[in-house]
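Presented below is the structure to which this report refers.
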Amino acid sequence: MALSEKLPEKLLRPYDPKATEERIYKIWEDSGFLAPTGESKPFTIIMPPINANGSLHAGHGLVMTIEDIMIRYKRMRGYKTLWLPGLDHAGFETQVVYEKKLEKEGRTRFGMNKEILYKEILDFTLFNSKHIKSQIKQMGASCDWSREKFTLDDDVVKTVHQTFKRMYDDNLIYRGNKIISWCSKHQTSFSDLEIKDEERVESLYYLKYGPFTIATARPETKFGDKYVVMHPSDARYKEYKHGQKIKLEWINGPIAATVIKDESIDMEFGTGVMTITPWHDNADFEIAERHKLDKEQIIDEAGKLLPIAGEFAGQHIKRARPLIIEKLQKKGLVEKIENDYKHVVKTCYRCGTIIEPQIKSQWFVKMKPLAEKALKKIKKGEIKYIPEHYKKITIHWLENIMDWNISRQIVWGIPIPAWFHEPRCIPKSEREKDVEKCKEIIVSAEEPVCEFCDAKFIRDPDTFDTWFSSSQWPYITLQYPDNKDFKTFYPTDVMETAGDIIFFWVARMIMMGLYVTGEIPFKTVYIHGMILDPKGEKMSKSKGNVIDPIKYINDFGTDALRLGLVVGNTPGTSLALSPEKIRGYKNFANKLWNITRFVLENSPDGEKVKGELKDEFDKLRDDITSDMENFRFYLAAEKIYHYVWHRFADEIIEESKKNAEVKSSLKYIWENCLKLLHPFMPFVTEEIWQIMHPGKLLMVETWPHDN
RNA sequence: GCACGCUUAGCUCAGUUGGUAGAGCGACUCGUUUACACCGAGAAGGUCGGGGGUUCAAGUCCCUCAGCGUGCACCA
């Protein structure tokens, strides 16, 4: 009988992803199987929340592909799978994107009403969220939309506030007046991780400072320098005593300098003598703290000199430097200038502006106690890292961790629930002496009332570092502490993310998870590599080589893109993605289509495979299953690809044309191949399954196993 | 300065506990026979960065050198 008469008409034409993918996704969504079902063992992945300030990029495409592969595999293995999607307000990142938008419109955030600015960014974010979500669906992500979370949802903010209060009460968060990293362009402080080191060649100025010569790369900070520091055992300066005062002529006239002896001085550098600017330099700040020295601000938050600079006051430091040198030269205070001084400057990771350290009152998290708990768990191997060397990197970072500044001077973020007492108490007439009991700081989401006086509390205008809330993502999304989801799905199974946020996010999630819940937030960390452009270069907007994954989907179909992203992509290693590679996998999707046509036309139902063909397939199945269990998706994908095309299609089907027994085995093998392929190429395999088994879903078929 | 990673076919990369090198793409030669030209058959192409060591056996383990990349620290 000519079975082809029964074939659906579309099977007679090439496979058309555009006519298929959206329809198939809808079927999955409507099926209810995107949510966890059944009472079996759970398998959980919390999706790294996607920044809602743009479009999906190739890296996101990879996240969606790898996580979906894991979820689909486990779902077919019968696990109660939860893949929880989320979107990120992405505090500073989004604010920067929005500022650029404002700039294009000829506007600026400075001077804007804060509420209006917040509302505008919120609208912008919500608009982007819709777009991003539809792109996540285009990638075929079989995540549970009924549990979707946004980092500014009320319950998220509530938990973040609770954690802050708990840590404050536990003395793990403190208000510190310390030296912090300040970006004068973005007008906010940063944590150490947002600072990028950049090597530059600049001038090193040797200046006469009374009887000494000091070397400096930053003459514009030197106005307030009144301490001259040297090593206690430097023989060259043994005649000068610690605390000795020396009168000398400086930039704007005579000053009295005080000699300080400190062991942190490198006798080999320059002349072995330096002056310090504690307000604008980390090392100088430390020296000043040790010897309880005065600290004076020289540069304001916009990068302009303060009145202490005399005639230079109000000038931007960039412009002022040559003028200051000119003046020093006129006064005969410049001994020499070295123009090839190579050193590293700290810059803002977003705009490259040189970071100006400033002393500011900010909130800090005491990291040492948190890191210790995390280190114990990681060293014991309770969290598995793939690839493993990320474990070493994490341990190294945790062992040398510094306190974390979580205050940001930006509008777009979760407000810090802290209130400061008005500077002056307003005594309640009848109990005047109670005023001494007034609390300076109260941590509370709602405005507090002072019990002891009539003064008001002023809200901390700052917002949290976005990573402070992100680091709580696993237990927040599962609605710690009382929700059934938290009890069922925490600790989660896999955290799959990019290597560049291993400290920003992964390590902090471990610390916060352990602190708040007492348990690790995930058992395995899977770090994927970066996606590079076809030439192997990092994609960036400024280089103009950013690849839009949606373009690839339009040109070749999602399944082809997914396979292109996963084959040959070992964890932690970068992958150059080229259209040629993806085109190859588009052809493969079509190959599946044609195989199906041949199988349906030639192979009867119900036959099982026997003998060598069976042994061969069983070995492949076991091999691939083992690869899936061990996160070797790049190998599993390649193996099934190779078997289907070059063994099953090229040889077994050809053989079946002459051999009836082989022919009768085709359908059984093919159906099992489709199952093995499904996690990688969900759309085309599901579409084929719908043709072969109308009304059934491949997504929830059982993964091939030993009978 | 310290640490980590990479170096395998023209290109992009695999190679899981050591067993005598693979895939995709590209280039080459054929080919339309029961699905598929978004195809098939065939052949070409590598002293696995250099050097040394362990071993019966090394792309794989150890040492060393070089190049590339990344992270961290110091930085007057």
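Take the first sequence: its position 596, counted from the start at 1, is 596 in full-length UniProt numbering, and no numbers get skipped. Where is the CB? At the ideal position from N, CA and C, for every residue including glycine. Predicted model, so just to flag it, every value in this text is computed and none were measured.
Can you give, in chain order, each stretch of the beta strand (DSSP E) that sits fully within the region 176 to 206 and has at least 3 residues?
If we require 3 residues or more, the beta strand (DSSP E) runs fully inside the region 176 to 206 come out as 188 to 190.
From what residue to what residue does the beta strand (DSSP E) around tryptophan 363 run?
On the first sequence, position 363 is the one that residue 363 refers to. Annotation: the continuous beta strand (DSSP E) that includes tryptophan 363 extends over 356 to 365.
Near phenylalanine 648, what residues of its chain come up, given a Cβ to Cβ distance below 8 Å and the 5 sequence neighbours on each side ignored?
On the first sequence, position 648 is the one that residue 648 refers to. Ile595, Ile669, Trp670, Cys673.
Tell me the rounded alpha-carbon separation between leucine 532 and leucine 62.
Within the first sequence, the letter at position 532 stands for residue 532. Within the first sequence, the letter at position 62 stands for residue 62. Near 12 Å, if we compare the C-alpha coordinates of leucine 62 and leucine 532.
Beta-carbon contacts of isoleucine 501 that lie in its chain and below 7 Å, excluding the five residues immediately before and after:
Translated into positions along the first sequence, residue 501 becomes position 501. Nothing listed; no residue qualifies.
Quickly, what does DSSP pair tyrosine 209 with across the bridge? List them, please.
Residue mapping note: residue 209 aligns to position 209 of the first sequence, counting from 1. Its beta-bridge partners are Phe212.
Measuring alpha carbon to alpha carbon, tell me which of Ile337, Tyr240, Arg107 ends up nearest leucine 204.
Along the first sequence, one-based indexing puts residue 204 at 204. Of the candidates Ile337, Tyr240, Arg107, the one whose C-alpha sits nearest the C-alpha of leucine 204 is Ile337.
Option nearest residue 709 by Cα separation, candidates Trp473, Lys551, Asn339
Absent from the structure is residue 709, since the part of the chain shown begins at 1 and ends at 707.
Might you give, ordered along the chain, the residues of its own chain that have their beta carbon closer than 7 Å to the beta carbon of threonine 573, omitting 5 neighbours on each side?
Here residue 573 refers to the residue found at position 573 of the first sequence. Here threonine 573 has Gly529 as same chain residues with Cβ atoms under 7 Å from its own Cβ, once five neighbours each way along the sequence are excluded.
Go through its chain and collect everything with a Cβ distance to isoleucine 520's Cβ below 7 Å, but skip five positions before and after it.
Taking the first residue of the first sequence as position 1, residue 520 is located at position 520. The residues are Lys377, Glu382, Ile383, Pro491, Ile510, Gly513, Leu514.
Does DSSP put histidine 389 in a helix, in a strand, or in coil?
Your numbering for residue 389 matches position 389 in the first sequence. In this structure, histidine 389 counts as helix in the three-state DSSP scheme.
Unbroken stretches of the alpha helix (DSSP H), 4 residues or longer, contained in the region 490 to 537
For the region 490 to 537, whole alpha helix (DSSP H) runs of length 4 or above, ordered along the chain, are 508 to 517.
Report, in whole angstroms, the separation of the C-beta atoms of glutamate 687 and isoleucine 24, which I expect to be a contact under 8 Å.
Stepping through the first sequence from its first residue, residue 687 is reached at position 687. Stepping through the first sequence from its first residue, residue 24 is reached at position 24. About 6 Å separates the two Cβ atoms, so the contact holds.
Starting from glutamate 661, follow the alpha helix (DSSP H) in both directions and report where the run begins and ends.
Counting from 1 along the first sequence, the entry for residue 661 is found at position 661. Per DSSP, glutamate 661 belongs to the alpha helix (DSSP H) from 660 to 677.
If you follow the beta strand (DSSP E) that lysine 245 is in, where does it begin and where does it stop?
As a first step, residue 245 is located in the first sequence; it is residue number 245 there, counting from the start. Segment 245 to 250, the beta strand (DSSP E) holding lysine 245.
Examine the Cβ distances between the region 395 to 405 and the region 73 to 80 and report whether three or more of them are shorter than 8 Å.
Flag = no, the region 395 to 405 and the region 73 to 80 do not touch.
Determine the DSSP secondary structure at tyrosine 168, reduced to helix, strand or coil.
Taking the first residue of the first sequence as position 1, residue 168 is located at position 168. Looking at tyrosine 168 - three-state DSSP - the assignment turns out to be helix.
Output the boundary residues of the alpha helix (DSSP H) element that contains methionine 64.
As a working note, residue 64 is residue 64 in the first sequence. From DSSP, the alpha helix (DSSP H) with methionine 64 extends over 58 to 76.
Taking the alpha helix (DSSP H) that phenylalanine 457 falls in, what are its first and last residues?
Mapped onto the first sequence, residue 457 falls at position 457. That residue, phenylalanine 457, is in no alpha helix (DSSP H); its beta strand (DSSP E) goes 457 to 459.
Contact defined as beta carbons within less than 8 Å: I believe serine 181 pairs with isoleucine 355. What is the distance between those atoms, to the nearest angstrom?
Residue mapping note: residue 181 aligns to position 181 of the first sequence, counting from 1. Residue mapping note: residue 355 aligns to position 355 of the first sequence, counting from 1. Contact holds; Cβ gap of about 5 Å.
Report the rounded CA-to-CA distance for phenylalanine 364 versus threonine 558, giving the unit in angstroms.
As a position in the first sequence, residue 364 is number 364, starting the count at 1. As a position in the first sequence, residue 558 is number 558, starting the count at 1. Cα to Cα, the separation comes out at about 44 Å.
Buried or exposed: aspartate 68, going by 16 or more other Cβ atoms within 10 Å of its Cβ?
The residue labelled residue 68 in the question sits at position 68 within the first sequence. In this structure aspartate 68 is buried. Its beta-carbon is surrounded by 16 or more other beta-carbon atoms within 10 angstroms.
Between the alpha carbons of valine 345 and proline 357, how many angstroms are there, rounded?
Looking up residue 345 in the first sequence gives position 345. Looking up residue 357 in the first sequence gives position 357. Between valine 345 and proline 357, the C-alpha separation is close to 12 Å.
Residues near histidine 231 by beta carbon distance below 6 Å, same chain, minus five either side:
What you label residue 231 is simply residue 231 of the first sequence in a count that begins at 1. So the list reads Ile265, Met267, once near-sequence residues are dropped.
Integer Cβ distance of threonine 81 from asparagine 53, believed to fall under 8 Å:
Sequence index remark: in the first sequence, residue 81 carries index 81 (1-based). Sequence index remark: in the first sequence, residue 53 carries index 53 (1-based). Contact flag wrong, Cβ pair sits at about 29 Å.
Phenylalanine 150 and glycine 86: beta carbons closer than 8 Å?
Within the first sequence, numbered from 1, the residue matching residue 150 stands at position 150. Within the first sequence, numbered from 1, the residue matching residue 86 stands at position 86. Phenylalanine 150 is a Cβ neighbour of glycine 86, given a cutoff of 8 Å.
Starting from isoleucine 441, follow the alpha helix (DSSP H) in both directions and report where the run begins and ends.
By 1-based counting over the first sequence, the position of residue 441 is 441. That residue, isoleucine 441, is in no alpha helix (DSSP H); its beta strand (DSSP E) goes 441 to 443.
Just to confirm the assignment, what range does the beta strand (DSSP E) spanning tyrosine 227 have?
For the purposes of this step, residue 227 is taken as residue 227 along the first sequence, with counting starting at 1. It spans 227 to 230 - the beta strand (DSSP E) in which tyrosine 227 sits, taken as one unbroken run.
Per DSSP, which one or two residues make a beta bridge with glutamate 338?
Position 338 of the first sequence, counted from the first residue, corresponds to residue 338. When DSSP reads this structure, glutamate 338 sits in a beta bridge with Leu204.
From the DSSP output, which residues share a beta bridge with valine 344?
Your numbering for residue 344 matches position 344 in the first sequence. Looking at the DSSP assignment, valine 344 forms a beta bridge with Glu199.
Can you check which of these residues, Arg459, Cys438, Thr463, is closest to cysteine 453 by C-alpha distance?
Here the question's residue 453 lines up with position 453 in the first sequence. With distances taken between Cα atoms, cysteine 453 lies closest to Cys438.
Within 8 Å, do at least three Cβ pairs link the region 462 to 473 to the region 160 to 174?
Between the region 160 to 174 and the region 462 to 473, the count of C-beta pairs closer than 8 Å reaches three or more; the two stretches touch.
Proximity winner among Asp618, Ala374, Lys487, Glu601, relative to leucine 12 (alpha-carbon distances):
Residue mapping note: residue 12 aligns to position 12 of the first sequence, counting from 1. The shortest C-alpha separation from leucine 12 is found at Glu601.
By how many angstroms is the C-alpha of isoleucine 406 removed from the C-alpha of phenylalanine 33?
Position 33 of the first sequence, counting from 1, holds the residue named residue 33. Position 406 of the first sequence, counting from 1, holds the residue named residue 406. The straight-line gap from Cα to Cα measures roughly 40 Å.
Per-residue DSSP class, three states only, for aspartate 555
Within the first sequence, numbered from 1, the residue matching residue 555 stands at position 555. It is helical.
Going along the chain, which residues of its own chain have a beta-carbon closer than 7 Å to the beta-carbon of lysine 391, five neighbours each way excluded?
Taking the first residue of the first sequence as 1, we reach residue 391 at position 391. Excluding sequence neighbours, lysine 391 sits near Ile378, Tyr385.
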